[in-house]
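Residue numbers (our numbering), protein chains in the order written: chain A, 166 to 351; chain B, 6 to 217.
Please read the structure below before turning to the comments.
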């Protein structure tokens, strides 16, 4: 019963990811929103096991989401999405705990065993991404701020900063890549 | 930035398409190869008796061994560049050159020896072999690591070691056309030591640069 629900959820993710890779931005948005509570619950569990306060979970969730985004070309669209996602989740959790100087006890099932019902749905802010954001070049920061925080479209952002839409896209992608690199090397 | 906002910016970037790891790795190796070939052409060159050497099956066997290292190493490294990949079921591919060498050593042992075993093993070029293969590997290793950085390996040191095997296999293929020692015993000894060196460097550097 529970297994069937997890299975159904994971099949749905795979379908959404296939649509996303085919260019469906809305499917991608839905997918990321759907996986986030599961990642959050797993990150909390991992932190708890390492004796760390669970309030750092959101930093880890955001790092996982960035890695998922920037490495999604390594996902094989013939393969199920969940094992790929959970492998990235585990790697990022291990990195995060290691950075905090903890001995690593990441249970392989921290991610895979998270059930749909038990994951809190709320969004939360995290300090690390926000802190690194301020270290980005002005243009990348403006674009990210506009699209993420002010929820402006690429088109509106282009108009606001007198940039071409192509330049906005480039700045957005470079900003996300730079954020990820800063988080990794911090 | 809260997580919903981050997700919004990621969705807005969905149109960005990155090339596959295989494409980036291929390009990087193609860019690096001329440097290794330049080292080869400057300091080594093809052995002068290559035309007659080609009739010697043990000369040809060297290329079979080095390519049976390089090509499977490329395949396994691409596989391991995916985060959920396991070595299980793929690792045996890396044993191909070992099997070929064993067969070659066996066949040589059954023939009337032209030279005593220790002479065949020590050869005349062991020192050149130990420096030339790592030297020609370096550009290719840099290329392979650059290509694999585009992936998301869960085991960066292992992925780096595989990059080392790729580059050592390709460099050894070049070197094999220079070296006049064709005995499989020589290859099994000195090529292996040189490959192990390059693989260790790959693992060390990979553990640093292949984290994502």
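Where is the CB? At the ideal position from N, CA and C, for every residue including glycine.
is_contact[residue i, chain B] using C-beta, thresh 8 Å
i	result
residue 223 (chain A)	yes
residue 229 (chain A)	no
residue 332 (chain A)	no
residue 179 (chain A)	no
residue 349 (chain A)	yes
residue 325 (chain A)	no
residue 248 (chain A)	yes
residue 337 (chain A)	yes
residue 117 (chain A)	Residue 117 (chain A) falls outside the range modelled here, since chain A spans only 166 to 351, and no answer is possible.
residue 241 (chain A)	yes
residue 197 (chain A)	yes
residue 320 (chain A)	no
residue 295 (chain A)	yes
residue 341 (chain A)	yes
residue 261 (chain A)	no
residue 203 (chain A)	no
residue 309 (chain A)	yes
residue 226 (chain A)	yes
residue 171 (chain A)	no
residue 314 (chain A)	yes
residue 298 (chain A)	yes
Rounded C-alpha distance that separates residue i from residue j
i	j	result
residue 252 (chain A)	residue 258 (chain A)	10 Å
residue 50 (chain B)	residue 179 (chain B)	9 Å
residue 226 (chain A)	residue 344 (chain A)	14 Å
residue 87 (chain B)	residue 237 (chain A)	10 Å
residue 335 (chain A)	residue 327 (chain A)	14 Å
residue 350 (chain A)	residue 261 (chain A)	11 Å
residue 178 (chain A)	residue 242 (chain A)	11 Å
residue 205 (chain A)	residue 210 (chain B)	32 Å
residue 167 (chain B)	residue 137 (chain B)	19 Å
residue 53 (chain B)	residue 132 (chain B)	19 Å
residue 162 (chain B)	residue 91 (chain B)	14 Å
residue 202 (chain B)	residue 139 (chain B)	7 Å
residue 198 (chain A)	residue 176 (chain A)	15 Å
residue 32 (chain B)	residue 40 (chain B)	14 Å
residue 208 (chain B)	residue 147 (chain B)	12 Å
residue 181 (chain A)	residue 245 (chain A)	11 Å
residue 214 (chain A)	residue 292 (chain A)	22 Å
residue 324 (chain A)	residue 307 (chain A)	13 Å
residue 247 (chain A)	residue 254 (chain A)	10 Å
residue 36 (chain B)	residue 182 (chain B)	21 Å
residue 218 (chain A)	residue 301 (chain A)	28 Å
residue 188 (chain A)	residue 143 (chain B)	39 Å
residue 193 (chain A)	residue 183 (chain A)	9 Å
residue 234 (chain B)	residue 212 (chain B)	For chain B, the structure presents residues 6 to 217; residue 234 (chain B) sits outside this window and is missing.
residue 348 (chain A)	residue 110 (chain B)	51 Å
Among the options, nearest to residue i - alpha-carbon criterion
i	options	result
residue 89 (chain B)	A:263, A:315, A:233	A:233
residue 303 (chain A)	A:339, A:348, A:320, A:331	A:339
residue 103 (chain B)	B:11, B:84, B:12, B:74	B:74
residue 98 (chain B)	B:83, B:78, B:85, B:113	B:78
residue 170 (chain B)	B:212, B:125, B:12, B:71	B:71
residue 129 (chain B)	B:147, B:11, B:184, B:81	B:184
residue 8 (chain B)	A:224, A:296, A:190	A:224
residue 297 (chain A)	A:218, A:173, A:228	A:228
residue 212 (chain A)	A:170, A:246, A:202, A:275	A:275
residue 48 (chain B)	B:190, B:158, B:141	B:141
residue 230 (chain A)	B:15, B:61, B:135	B:15
residue 159 (chain B)	B:36, B:120, B:175, B:214	B:214
residue 29 (chain B)	B:120, B:149, B:10	B:149
residue 168 (chain A)	A:240, A:207, A:277, A:220	A:277
residue 189 (chain B)	B:124, B:76, B:21	B:124
residue 198 (chain B)	B:173, B:65, B:93	B:173
Chain A contact for residue i (CB, 8 Å cutoff)
i	result
residue 18 (chain B)	yes
residue 178 (chain B)	no
residue 230 (chain B)	Because chain B is modelled from 6 through 217, residue 230 (chain B) falls outside the range shown and cannot be assessed.
residue 15 (chain B)	yes
residue 26 (chain B)	yes
residue 215 (chain B)	no
residue 87 (chain B)	yes
residue 156 (chain B)	yes
residue 12 (chain B)	yes
residue 8 (chain B)	yes
residue 21 (chain B)	yes
residue 159 (chain B)	yes
Problem set entry | Inter-stretch contact (C-beta, 8 Å, three-pair minimum) for the segment 17-26 of chain B and the segment 51-68 of chain B | Here the segment 17-26 of chain B does not lie against the segment 51-68 of chain B, with fewer than 3 beta-carbon pairs under 8 Å apart.
Problem set entry | Uninterrupted alpha helix (DSSP H) stretches inside the segment 237-269 of chain A (no shorter than 4 residues) | The segment 237-269 of chain A contains these whole alpha helix (DSSP H) runs: 246-264.
Exercise. Taking contact to mean at least 3 C-beta pairs separated by less than 8 Å, is the segment 149-159 of chain B in contact with the segment 103-119 of chain B?
Worked result: No: the two stretches stay apart, fewer than three of their Cβ pairs being nearer than 8 Å.
Problem set entry | Uninterrupted alpha helix (DSSP H) stretches inside the segment 29-105 of chain B (no shorter than 4 residues) | Whole alpha helix (DSSP H) segments, 4+ residues: 55-58, 62-85.
For this session: Kindly provide the ranges of any alpha helix (DSSP H) runs that are 4 or more residues long and lie completely inside the segment 132-206 of chain B, ordered along the chain.
Result: Whole alpha helix (DSSP H) segments, 4+ residues: 161-181.
Exercise. Which runs of the alpha helix (DSSP H) spanning at least 4 residues fall entirely within the segment 188-233 of chain A, listed in chain order?
Worked result: Complete alpha helix (DSSP H) runs here, min 4: 190-214.
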